[in-house]
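Numbering (this note's numbering), first residue to last: 128 to 714.
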């Protein structure tokens, strides 16, 4: 900051020195012109003075001649007098002309000098105002950068504290195992859930930096990055080598207060893992239920074989836009409230941050990712209206393979041989689900819509990668929902003719919005407890749950070969997530 101020002062001094030099040059130029004109007038005056002296000498000579020639007549005397009067008149007029000319020249130069000084003063004022605005802008940008650096440093310190705490806790448990002679049950591998960040259903080869957001259409990614408060962790005595058998969040008071019971922390961690497993599994069930609700809206179905309900609207592209509009009308405000009151994120501040001139590129990336997600929503709705929900969701799960291939094409991230094998397994499962060897194949347009939805969602994953480095994921999801809602309003001219609202449709759209937010929250908290990498494996069970719920609730069946394809796709996606846990470089 101080160096910037010194640089700014030096710039001001250089500008002032330049202005002073320009004024000095202008003054010297004007004085030079005036001096030359005065010299010219002085020369004219000297010439006139010489003429006057010459005339006076001639007059004297004439007087001498007059005295010498007494016989000159009166006419010559009058002529001499007339010449003298003429000479005096010429001298008088010449003097007046010189004085008037000098005064006019000085007046003109004075006016020009004043005008030039006013123009120069205005230019200097405008220059300094522009410099002041630039300095203020640089100061604000520098303050923002410093604040961001300070926030990142705090986050890094908290993450490092959490890492040291976990390592210390693990070493203490290991030392406790040695002291107790191995009588304590072995704890599960340490899972640094606090610093794991995001993990989606699929990532690029050898990389797990591509997070995905639950969108209610068989995308069962993880969301929330847990934050840490360094004051909540137990502070250890460096000279204490005894195993720790208590809660690591409780303060350590004295050596005498240590209990003599076996170490209980691994059991607590195992319970947390199972709780997270249940939450993530519940998120998969809730998001699968959302697909069933969409199917019911488009097709009249027998609910549990007890009664018929559904077929509220036809499965067309305009109706898909209308259904998406109704869903986002409920989901967007709920998501913003969840972001504010549950995750404590100021979405409006992050949105204003996106609108700053130096963040326009990030804004367009977010807008483009929302456009791709909007297309994915529309296509999957069309597919769910035509196909069996389990089949549609299974075909949608082509997106992990497309993500890997797009990462290879765009970023040169070549998949490993193991990953190529898993991709082949997924495509074999998709072909079996399509019943490629059977006679009764599903509707071609529905298959195309489901696969286009997966491809659009893969593009959304790739596009959102750059956004997560600069924008909070909760804010990213909330802003994405708002942009999708605006895009839905933009489709109103094409959907107005087919809109037919009723209370049942609105209630079903409200349930779809609730399942979206429910899946979001369950996935977020489950990932925090279970770990992102393991949660992504569990969340890959979406096609299986969708198929099971479609059969249980709607009675929709798949052939045996199609069921085998569903399990094959689910297993392949799970293997891709498992490869993210044990990364191997591509050969």
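Cβ coordinates follow ideal geometry from the N, Cα and C atoms, glycine included.
Does DSSP classify residue i as helix, strand or coil?
i, result
"residue 664", "helix"
"residue 436", "strand"
"residue 429", "strand"
"residue 671", "helix"
"residue 597", "coil"
"residue 618", "coil"
"residue 658", "coil"
"residue 504", "helix"
"residue 399", "helix"
"residue 694", "helix"
"residue 512", "helix"
"residue 684", "coil"
"residue 482", "coil"
"residue 521", "helix"
"residue 254", "helix"
"residue 174", "helix"
"residue 356", "Residue confidence for residue 356 is low, a pLDDT of 38 falling below 50, so the modelled location carries little weight and cannot support an answer."
"residue 627", "coil"
"residue 642", "helix"
"residue 442", "coil"
"residue 348", "Low confidence applies to residue 348: its pLDDT is 37, below 50, so where it sits in the model is not reliable, and the reading given next is rough at best. It is coil, neither helix nor strand."
Are residue i and residue j close, meaning C-beta to C-beta below 7 Å?
i, j, result
"residue 407", "residue 646", "no"
"residue 420", "residue 638", "yes"
"residue 438", "residue 525", "no"
"residue 402", "residue 644", "no"
"residue 509", "residue 418", "no"
"residue 415", "residue 672", "yes"
"residue 654", "residue 667", "no"
"residue 502", "residue 410", "no"
"residue 422", "residue 569", "no"
"residue 692", "residue 560", "yes"
"residue 262", "residue 151", "no"
"residue 611", "residue 497", "yes"
"residue 499", "residue 587", "yes"
"residue 541", "residue 547", "no"
With a CB to CB cut of under 7 Å and the five nearest residues on each side skipped, what residues in its chain are close to residue i?
i, result
"residue 699", "549, 552, 553, 556"
"residue 495", "590"
"residue 705", "664"
"residue 715", "Since the first and last residues shown for the chain are 128 and 714, residue 715 lies out of range."
"residue 480", "486"
Just to check my reading of the structure: residue i and residue j have Cβ atoms closer than 8 Å, yes? What is that Cβ distance to the nearest angstrom?
i, j, result
"residue 451", "residue 424", "Incorrect: roughly 11 Å between the Cβ atoms, too far for contact."
"residue 685", "residue 518", "7 Å"
"residue 615", "residue 448", "6 Å"
"residue 562", "residue 430", "That pair is no contact at about 26 Å."
"residue 186", "residue 211", "6 Å"
"residue 189", "residue 207", "5 Å"
"residue 578", "residue 522", "6 Å"
"residue 605", "residue 455", "So it is not a contact: roughly 12 Å between Cβ atoms."
"residue 632", "residue 440", "7 Å"
Which same chain residues, not among the five before or five after residue i, have their C-beta less than 6 Å away from its C-beta?
i, result
"residue 602", "472, 474, 477"
"residue 329", "Residue placement at residue 329 cannot be trusted, given a pLDDT of 37 that sits under 50; what the coordinates show is reported in the next sentence. For residue 329, where only same-chain residues beyond five positions count, the Cβ hits under 6 Å are 527, 530, 703."
"residue 621", "445"
"residue 506", "576, 579, 580"
Considering only residues of the same chain and omitting the five flanking positions on each side of residue i, which have a CB-CB separation below 8 Å?
i, result
"residue 141", "none"
"residue 613", "none"
"residue 283", "none"
"residue 435", "427, 428, 429"
"residue 482", "490"
Between residue i and the ligand MN, is the CB less than 6 Å from at least one heavy atom?
i, result
"residue 212", "As far as ligands go, the structure on display features none, and thus does not contain the ligand MN."
Does chain C have any CB closer than 7 Å to the CB of residue i?
i, result
"residue 143", "In the structure shown, chain C does not exist; there is a single protein chain."
_4 or more residues per run - each alpha helix (DSSP H) lying fully within the stretch 526-613_ = The stretch 526-613 contains these whole alpha helix (DSSP H) runs: 526-538, 544-560, 571-595.
*Fully enclosed by the stretch 452-477, which beta strand (DSSP E) runs are 3 residues long or longer?*
List check, beta strand (DSSP E) in window: nothing returned.
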